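Listed in order, the protein sequences are those of chains D and Z.
The first sequence begins at 2 in the working numbering and counts up by one.
The second sequence begins at 1019 in the working numbering and counts up by one.
The structure under discussion appears below in the form of structure tokens.
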Amino acid sequence: MMKLSLGPVLFFWERDTLMQFYAEMAEQPLDIIYLGETICSKRRSLSLDDWLGLAGDMQQQSNAQVVLSGLTLVEAASELSSLKRMCENGDFLVEANDMSAVHYLSQRKVPFVGGPALNIYNGYTLSEFIDAGMMRWSPPVECSAKIIAAALNQLDELGVARPEVEVFAYGHLPLAYSARCFTARSENRPKDDCDLCCIKYEEGIPLLSQEGQALFTINGIQTMSAEINNLLADFPSLQASGVDIARLSPRAQGMNEVIAAWHNVRQGELAPLAVQGCNGYWHSRPGMVSVEEAGLC
Amino acid sequence: MQLVCPAGSLPALKAAVRQGADAVYVGFRDDTNARHFAGLNLNDQQLENGIAYAHQHNTHIYIAVNTYAQPDGWQRWQRAVDQAADLGVNALIAADPGVLAYASKHHPQLNLHLSVQGSATNAAALAFYQDRYNIKRAVLPRVLSLAQVKHVASQSPVPIEVFAFGSLCIMAEGRCHLSSYLTGESPNLCGVCSPAKAVRWNNEDGELTSRLNDVLIDRYSEGESAGYPTLCKGRFMVNGQRFHALEEPTSLDTMDLIPELVKIGVSAVKIEGRQRSPAYVEQVTRVWRAALDSYRQAPERYQVEPIWRQTLAGLSEGSQTTLGAYHRAWQ
């Protein structure tokens, strides 16, 4: 049966909101839960020690494997040392979202998860990361089913055992990272005096074209898709492509229902013929596109 | 501090050499490099001629094979690396660990530079590439402040190259899928951003509009100057306001920072613009050569000459320049 994972929370939520969210998630039929701040080191409603504490609690309260997710854009010395400490935690698997984490984890010779922010697009590159200790691959979100299958076939030809494959299956797509904080910019604030204003936007800020078309979601230094990427109607093709894990990315509301829908389908209920949202990347099309004939590809 | 200049054609390469570039970087005519634009880059014969010309004038040639290999096209990337080695280039600029591994294994004598597309923004990431692929230099993404560049350079296991002038990527290079989200083609996989074939200009209700795969990127009233619709430089609506929500059409210019970059120990400065004309390459190279020479001859008296600034301003996107992320306030 395909596994379901809960990705790290990509938005900035209050401490109480996070704690309540994870208390609920501990009750859900999830196989893997990713914890940690991956976007901005100034978001400290939970410190690294808090995250480690929460990881321990989650490990006890749920049956899910708990993984710590590392920061994606690592610039400051303090960010690097905090990431190093996460990589050296000794108890939990770590998801590397930057090559610095790959460096620390491979030096310690501990297995790790390669997150979607690592640029791994082919079998030769996969084999490099597997050699460095990667046991699970979450491909860049722009990868199509075809690219993933071709990369895995290439790996087979190289005689290297496949890692677990985890596809970003539900949520706002993480598309870009910048030095600039777009949330602060939208409020005319400099980044160094941002007042942590992203806490006001529990699911980011919509960015629309001048014609009102929803294009992106601003989330601090991250730019996400406006549309929800939803591959539930593509479930049969996810299975056929050798995907082991579907990653569901937390949203501010309704995650229980999202998880229930995926859980029902993986237990045998027929996948819906169509769902709201986009799935273009999976079908080798622009990411924003909704491919209607989902499931037939 | 070396001056590394771009060339998308043989005339541009020769212009850069003539104007005193220490090195010129080029790419093959396919999706193995991050400037895979129609009509751009050098064919095999031009590359051979260009390399011979550069080497006669003691100028180095670097070849960028700096996109991420698609599984089905792997042979293209492999062939590009082999060809770069056969041509006797002074360095190969690459980002994909698979490509770097192939190059370091099959051509150990070939100098490897980590491309800006590798997104290495800290010393630990650089250490990974140095340990595994023996890279000799790394180009830093344009996301770091000057203080951060200084810190990375002081901890880095390899010499550092930074961007000095040219178009500005607002996103960390190698970490942006915005283009493929709208058009299906991205810098990482296809070597293009906001590709020309997806661009459409229209006159709608008396206004000039630019669209990318039908998505409105900007509209201009009469008299407003219009720029290429790179999608991060469009005007969008956020919280009910219309503005350049991500970035204005500006160019990076760090001529003021030359003394600090030298003190930090930056080993090379890079000019962006392989897609630009030979005339652009010629003028930017001349001005930057003059500035670097002026600093070297009398560091304590260095100041940016007004004529340099005028020349560069005329070549900049939107005729505006910025210190970009080097200046913390910009972030």
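All C-beta atoms in this analysis are idealised placements derived from N, C-alpha and C, irrespective of residue type, glycine included.
Being a predicted model, the structure only gives us computed values, none of them experimental.
Cα-Cα separation, residue i to residue j
i, j, result
"residue 83 of chain D", "residue 76 of chain D", "12 Å"
"residue 80 of chain D", "residue 72 of chain D", "8 Å"
"residue 1065 of chain Z", "residue 1189 of chain Z", "31 Å"
"residue 297 of chain D", "residue 270 of chain D", "Low confidence applies to residue 297 of chain D: its pLDDT is 44, below 50, so where it sits in the model is not reliable enough to give any reading."
"residue 1185 of chain Z", "residue 1347 of chain Z", "19 Å"
"residue 1 of chain D", "residue 18 of chain D", "As displayed, chain D neither begins before 2 nor continues past 298, which places residue 1 of chain D out of reach and without an answer."
"residue 260 of chain D", "residue 249 of chain D", "8 Å"
"residue 1294 of chain Z", "residue 87 of chain D", "44 Å"
"residue 1244 of chain Z", "residue 1269 of chain Z", "15 Å"
"residue 52 of chain D", "residue 108 of chain D", "23 Å"
"residue 1129 of chain Z", "residue 1296 of chain Z", "27 Å"
"residue 2 of chain D", "residue 1041 of chain Z", "55 Å"
"residue 13 of chain D", "residue 46 of chain D", "8 Å"
"residue 295 of chain D", "residue 1108 of chain Z", "Note on residue 295 of chain D: pLDDT 44, under 50, position unreliable in the model; the coordinate value appears next. Whole-angstrom Cα-Cα distance: 49 Å."
"residue 116 of chain D", "residue 1318 of chain Z", "48 Å"
"residue 1214 of chain Z", "residue 1092 of chain Z", "25 Å"
"residue 153 of chain D", "residue 243 of chain D", "9 Å"
"residue 1216 of chain Z", "residue 287 of chain D", "11 Å"
"residue 239 of chain D", "residue 168 of chain D", "8 Å"
"residue 95 of chain D", "residue 1037 of chain Z", "50 Å"
"residue 1332 of chain Z", "residue 1158 of chain Z", "26 Å"
Reference residue i, options the options, closest by Cα
i, options, result
"residue 1164 of chain Z", "Z:1147, Z:1182 and Z:1154", "Z:1182"
"residue 1239 of chain Z", "Z:1129, Z:1248 and Z:1226", "Z:1226"
"residue 1224 of chain Z", "Z:1129, Z:1266 and Z:1237", "Z:1237"
"residue 1161 of chain Z", "D:222, D:32 and D:240", "D:222"
"residue 1330 of chain Z", "Z:1301, Z:1317 and Z:1083", "Z:1301"
"residue 1156 of chain Z", "Z:1043, Z:1032, Z:1194 and Z:1286", "Z:1286"
"residue 1334 of chain Z", "Z:1203, Z:1266 and Z:1322", "Z:1266"
"residue 42 of chain D", "D:6, D:155 and D:182", "D:182"
"residue 1123 of chain Z", "Z:1152, Z:1098, Z:1137 and Z:1340", "Z:1152"
"residue 106 of chain D", "D:262, D:93, D:64 and D:89", "D:89"
"residue 136 of chain D", "D:209, D:112, D:150 and D:125", "D:112"
"residue 304 of chain D", "D:211, D:196 and D:236", "Past the boundaries of the shown model lies residue 304 of chain D; chain D is included only from 2 to 298, so the question cannot be answered."
"residue 209 of chain D", "Z:1136, Z:1090, Z:1262 and Z:1291", "Z:1262"
"residue 1258 of chain Z", "D:211, D:224 and D:97", "D:211"
"residue 1071 of chain Z", "Z:1098, Z:1039 and Z:1219", "Z:1039"
Beta-carbon neighbours of residue i, restricted to chain D and to distances below 9 Å
i, result
"residue 1194 of chain Z", "176, 177, 178, 179 and 224"
Chain D residues whose Cβ lies nearer than 8 Å to that of residue i
i, result
"residue 1351 of chain Z", "Since the first residue shown for chain Z is 1019 and the last is 1349, residue 1351 of chain Z is missing from the structure and cannot be characterised."
"residue 1093 of chain Z", "Within 8 Å Cβ-Cβ: nothing; residue 1093 of chain Z doesn't reach chain D, min ~11 Å."
"residue 1162 of chain Z", "76 and 180"
"residue 1067 of chain Z", "The contacting residues do not exist; residue 1067 of chain Z stays about 32 Å from chain D at best."
Chain-ordered neighbours of residue i on chain Z, where CB pairs are closer than 7 Å
i, result
"residue 192 of chain D", "1349"
"residue 212 of chain D", "1234"
"residue 94 of chain D", "Near residue 94 of chain D there are no residues of chain Z at all, since even the closest Cβ is about 19 Å away, more than 7 Å."
"residue 124 of chain D", "1089"
Proximal residues of chain B, C-beta to C-beta of residue i below 9 Å
i, result
"residue 1254 of chain Z", "Among the chains of the structure shown, chain B does not appear; the protein chains present are D and Z."
Proximal residues of chain D, C-beta to C-beta of residue i below 7 Å
i, result
"residue 1188 of chain Z", "179 and 181"
"residue 1169 of chain Z", "78"
"residue 1146 of chain Z", "100, 103 and 104"
"residue 1271 of chain Z", "Near residue 1271 of chain Z there are no residues of chain D at all, since even the closest Cβ is about 17 Å away, more than 7 Å."
Listed by chain order, chain Z residues near residue i by CB distance under 8 Å
i, result
"residue 229 of chain D", "Going along chain Z, no residue has its Cβ under 8 Å from residue 229 of chain D, so there is no contact; the nearest lies around 13 Å."
"residue 143 of chain D", "1195, 1198, 1199, 1204, 1206 and 1207"
Partner residues on chain Z for residue i, Cβ-Cβ distance less than 9 Å
i, result
"residue 204 of chain D", "The premise fails here: residue 204 of chain D is roughly 14 Å from chain Z at the closest Cβ pair, so nothing lies under 9 Å."
"residue 148 of chain D", "1088, 1089, 1090 and 1207"
Near the ligand FMN: residue i beta-carbon under 7 Å from a heavy atom
i, result
"residue 1287 of chain Z", "This structure lacks the ligand FMN; in fact it carries no ligand of any kind."
So does the region 1170-1179 of chain Z actually touch the region 1140-1148 of chain Z, counting three or more Cβ pairs closer than 8 Å?
yes
Would you call the region 212-225 of chain D and the region 259-271 of chain D in contact, with 3 or more CB pairs under 8 Å?
no
Could you say if the region 156-165 of chain D and the region 181-192 of chain D meet the contact criterion of at least three C-beta pairs nearer than 8 Å?
no
Give a yes or no on contact between the region 139-150 of chain D and the region 196-203 of chain D, applying the rule of three or more CB pairs nearer than 8 Å.
no
In chain order, which continuous runs of the alpha helix (DSSP H) of length 4 or greater are located wholly inside the region 184-252 of chain D?
236-241
Suppose only complete runs of 4+ residues qualify. What are the alpha helix (DSSP H) ranges in the region 1266-1348 of chain Z, listed by chain order?
1276-1282, 1296-1315 and 1324-1333
Taking three-plus beta-carbon pairs below 8 Å as touching, is the region 1055-1064 of chain Z in contact with the region 1079-1096 of chain Z?
no
When the Cβ atoms of the region 1251-1265 of chain Z are set against those of the region 1302-1316 of chain Z, are three or more pairs found closer than 8 Å?
no
Assess, as a yes-or-no matter, whether the region 228-242 of chain D is touched by the region 272-291 of chain D under the definition of 3 or more beta carbon pairs within less than 8 Å.
yes
Hey, which unbroken runs of the beta strand (DSSP E) at 3 residues or more fall wholly within the region 1160-1225 of chain Z?
1178-1185, 1189-1194 and 1217-1222
If we require 4 or more residues per run, which alpha helix (DSSP H) segments fall completely within the region 62-144 of chain D?
78-88, 100-108 and 124-133
Alpha helix (DSSP H) segments (min. 4 residues) lying fully within the region 1062-1117 of chain Z
1062-1074 and 1092-1105
Would you check if there are 3 or more beta carbon pairs closer than 8 Å linking the region 24-42 of chain D to the region 8-16 of chain D?
yes
Mind pulling the alpha helix (DSSP H) runs of 4 or more residues that sit fully within the region 1112-1152 of chain Z?
1115-1124 and 1141-1151
Count Cβ pairs between the region 1085-1092 of chain Z and the region 110-125 of chain D that sit closer than 8 Å; are there 3 or more?
yes
Return the chain-ordered ranges of every alpha helix (DSSP H) run that is complete within the region 32-67 of chain D and spans a minimum of 4 residues.
49-62
Looking at C-beta atoms only, is the number of pairs between the region 62-72 of chain D and the region 16-36 of chain D that lie closer than 8 Å three or more?
yes
Going residue by residue through the region 1238-1264 of chain Z, where are the continuous beta strand (DSSP E) segments of at least 3 residues, counting only ones entirely within it?
1254-1256 and 1259-1261
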